[in-house]
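These notes concern the structure reproduced below.
Numbering (full-length UniProt numbering), first residue to last: 1 to 854.
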């Protein structure tokens with residue numbers, strides 16, 4: 001194979017966790033293999049049989065960083081290659097000959113990021129041996145079978161749901177499954193018109209129906225109201241029908257007023273009265289007090305109270321919930337490009353909660369910070385950098401996701417109400433919240449088979465973009481040669497690129513066609529230290545969606561050439577597995593599978609040994625004939641079932657016995673590091689206790705402890721309620737970012753200056769003299785462009801188009817000044833052309849916005 005410059009190198013010394021082994025390195029089309037002879041155990045007899053040869057296999061998609069360090073002249077250091085893998089294993093290989101090291105480096109680079117096509121990955125060439133070859137994991141999930149288990153079939157039409165085949169050919173929505181469940185009273189004609197109001201036609205569709213109260217979890221993408229506040233009667237009708245599916249539905253289980261004292265109110269779907277009285281399911285943050293119009297938080301919780309002796313008719317006292325997973329300011333900023341969130345006056349009988357879960361870019365940077373804390377574990381066996389772990393805010397993000405999930409599960413299982421979930425496109429945070437809430441609600445999804453069905457349903461069929469988020473085809477940016485700059489295309493790689501970086505930021509700010517995610521609020525720091533916000537949006541109008549090039553039905557060059565978009569990578573599925581681990585750790589008897597199952601599933605996400613996770617949606621998998629050409633990842637687990645069973649598992653469900661309830665909830669403030677997935681011991685990662693988010697610490701206990709050796713940690717957190725960044729009702733839109741005195745330009749200004757909480761905390765960490773016991777300042781978040789009065793009228797305080805134009809003109813001036821401050825050694829003509837380019841880019845931006853405002 002022409003990509004392999006050298007197939008084998010002898011006398012290679014490998015390092016991992018401070019241990020070294022001598023062996024040979026082999027380059028194959030799909031694996032990097034290191035073979036070595038382990039040393040005999042201590043005290044072994046000289047005549048004893050030597051240990052068996054061991055091998056380390058690394059698939060190329062697992063490599064996230066590769067650095068060649070040539071041997072400097074007149075130096076005793078050997079040439080080496082350092083690798084970081086997606087499963088957080090770190091390796092270093094020392095060579096005797098620099099030419100061999102360069103050949104190995106070039107081969108790895110070519111086999112990782114120069115293949116350009118998915119069908120060249122290992123999955124399309126892998127041939128398993130028995131018993132794995134005798135299993136067909138592609139058949140374990142059947143949409144009709146799962147809907148039938150949920151009580152949705154032609155024979156169960158009285159439950160209010162039906163299966164629609166409107167997307168059977170994937171023409172209605174390219175990212176949705178072929179079969180979707182919708183209310184019986186809503187026709188396909190209504191669905192067609194409703195799809196025009198949802199990004200990428202991802203309409204509200206059912207993913208879970210509660211068997212005891214007929215309440216539902218539905219999911220969708222964001223609506224398209226824009227600045228003008230457009231509405232869609234069919235979308236409103238669809239959601240109203242969803243919220244009405246359990247009207248007149250009677251409970252199949254009569255609560256027992258003499259229930260034993262061991263009954264857990266928070267986990268019981270039976271004792272509605274007691275559970276409601278003990279559940280405050282809308283949390284309040286110091287800086288963002290949650291209000292709900294004329295309804296207080298106590299009213300919201302206690303509205304479910306009823307007479308135990310009377311029969312329960314669900315639907316009469318519901319507080320249905322629309323969950324927007326995004327931070328409030330992000331949702332409002334999306335209105336500038338024709339997107340946004342629901343106007344609650346058009347959705348009576350429901351409330352909306354913003355969960356404030358950060359976007360894919362914040363999560364990517366968070367994981368990068370974790371990797372930085374572990375990166376020295378090839379040559380050295382040192383503990384992680386605890387300061388970096390804390391500053392990553394990884395545990396804070398996991399805790400926030402679990403908080404939002406707890407709110408959803410509580411609303412459905414205890415408050416007996418419906419929940420609609422969305423974020424922006426509805427395939428990242430929405431998948432996390434939807435799947436995790438079902439794990440909390442339904443014991444079936446806590447079995448091995450049920451968890452597999454859940455991943456197939458909520459992640460694979462509903463279009464989580466595994467290929468985009470995982471980067472299986474690698475990137476040149478991940479390969480570097482020490483003291484040689486081969487990755488010149490990396491942002492900010494040269495000190496004179498300030499202008500190019502700013503121009504790139506300007507185009508990314510308003511370009512609606514270069515990004516596959518509808519909502520991306522990030523920050524880019526250029527080489528001069530300036531912070532530029534980026535609002536990346538794709539198709540504002542779903543009808544203008546660029547047709548995706550489908551996979552060919554035949555092998556060969558018909559398949560399109562693909563590359564990895566590094567700004568689209570994010571550990572979304574990793575976070576889901578991490579959050580599942582938290583539930584497994586806290587409720588060890590309620591899961592049939594063990595921690596190793598989650599860890600191996602994470603490994604095979606990036607191994608590309610199976611075809612399950614290679615594609616972005618069901619349509620791509622069908623067109624690529626993945627079930628015929630590749631093996632399912634579930635083959636691996638099903639043929640090794642016993643290895644992944646939890647010996648502590650108790651399958652009995654009894655709501656009258658504490659610890660055996662149907663519903664489980666995360667324990668507040670107890671999120672912890674999943675040490676095993678990071679290749680570390682529990683004592684290493686959780687030495688100073690869980691790195692809990694600041695909003696889970698009371699003022700009295702929020703002091704940072706001072707562990708030895710200059711490391712930092714946190715004290716034990718005090719449980720608090722879930723943080724919701726804002727709520728809205730049909731009567732009044734209140735909460736975070738909803739005052740009347742802020743025009744849209746303030747929202748945009750806040751967006752441009754908005755720093756993630758992770759960065760704010762990192763900055764605070766650099767000032768250890770701050771008194772953390774003091775009461776935090778009552779800073780209010782950025783305000784929204786309008787407030788809805790109790791009568792439902794909306795009052796705007798500024799011309800939104802003018803505000804955006806003003807911002808665009810200011811940005812033009814910034815670009816022009818950057819161009820005029822170019823280094824003196826550049827020619828005057830080049831500076832002049834750059835100024836013209838900046839002006840043209842800004843003018844194009846204004847034209848795009850003006851066109852959108854129409």
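From the three backbone atoms N, C-alpha and C, an ideal C-beta is built for every residue, glycine too. None of these values were measured; they are calculated from a predicted model.
Residue i to residue j span [Cα, whole Å]
i	j	result
residue 173	residue 408	26 Å
residue 572	residue 45	50 Å
residue 64	residue 349	48 Å
residue 371	residue 340	34 Å
residue 695	residue 657	For residue 695, the predicted structure reports a pLDDT of 36, less than 50, and the residue's modelled location is therefore unreliable. The matter cannot be settled from this model.
residue 58	residue 604	12 Å
residue 335	residue 367	29 Å
residue 387	residue 687	12 Å
residue 208	residue 104	50 Å
residue 137	residue 48	44 Å
residue 538	residue 199	Residue placement at residue 538 is poorly supported in this model, since its pLDDT is 37, which falls under 50; the coordinates still yield a value, given next. C-alpha separation (whole angstroms): 10 Å.
residue 328	residue 405	17 Å
residue 377	residue 472	24 Å
residue 501	residue 414	Summary for residue 501: the model assigns pLDDT 48, below 50, so the residue's position carries little reliability; its value from the coordinates is reported in the next sentence. Distance between the alpha carbons of residue 501 and residue 414 is about 51 Å.
residue 245	residue 623	35 Å
residue 31	residue 126	12 Å
residue 171	residue 402	35 Å
residue 165	residue 226	30 Å
residue 621	residue 628	10 Å
Same chain, Cβ closer than 8 Å to residue i, neighbours up to 5 away in sequence not counted
i	result
residue 77	69 and 71
residue 684	383, 384 and 675
Same chain, Cβ closer than 7 Å to residue i, neighbours up to 5 away in sequence not counted
i	result
residue 594	644, 645 and 646
residue 830	Note on residue 830: pLDDT 44, under 50, position unreliable in the model; no value is reported.
residue 289	Confidence in residue 289 is poor, its pLDDT being 31 and thus under 50, which makes the residue's placement unreliable; the coordinate value appears in the next sentence. Here the set comprises nothing.
residue 630	123, 124, 610 and 611
Contacting residues, own chain, Cβ-Cβ under 6 Å from residue i (five flanking each side not counted)
i	result
residue 612	632 and 633
residue 444	450
residue 111	3 and 60
residue 481	68
residue 793	Note that residue 793 has pLDDT 39, beneath the 50 cutoff, so the model's placement of it is unreliable and the number below is only indicative. Contacts found: none.
residue 177	461 and 618
residue 606	61, 62 and 86
The alpha helix (DSSP H) enclosing residue i, as first and last residue numbers
i	result
residue 388	386-392
residue 90	Note, residue 90: premise wrong, no alpha helix (DSSP H); beta strand (DSSP E) at 90-94.
residue 360	360-374
residue 619	618-623
residue 330	328-333
residue 99	98-113
residue 33	Counting along the chain, residue 33 falls outside any alpha helix (DSSP H), though it belongs to the beta strand (DSSP E) covering 31-36.
residue 148	143-149
residue 236	233-243
residue 602	595-607
residue 450	448-454
residue 439	429-441
C-beta atoms of residue i and residue j nearer than 8 Å
i	j	result
residue 13	residue 35	no
residue 91	residue 15	yes
residue 18	residue 389	no
residue 80	residue 6	no
residue 654	residue 660	yes
residue 592	residue 448	yes
residue 180	residue 167	yes
residue 221	residue 424	yes
residue 118	residue 11	no
residue 144	residue 163	yes
residue 318	residue 416	yes
residue 478	residue 215	no
Per DSSP, cross-strand counterpart(s) of residue i
i	result
residue 223	198
residue 183	161
residue 480	67
residue 82	67 and 92
Span of the beta strand (DSSP E), counted from its first residue to its last, around residue i
i	result
residue 58	54-59
residue 322	320-324
residue 20	19-27
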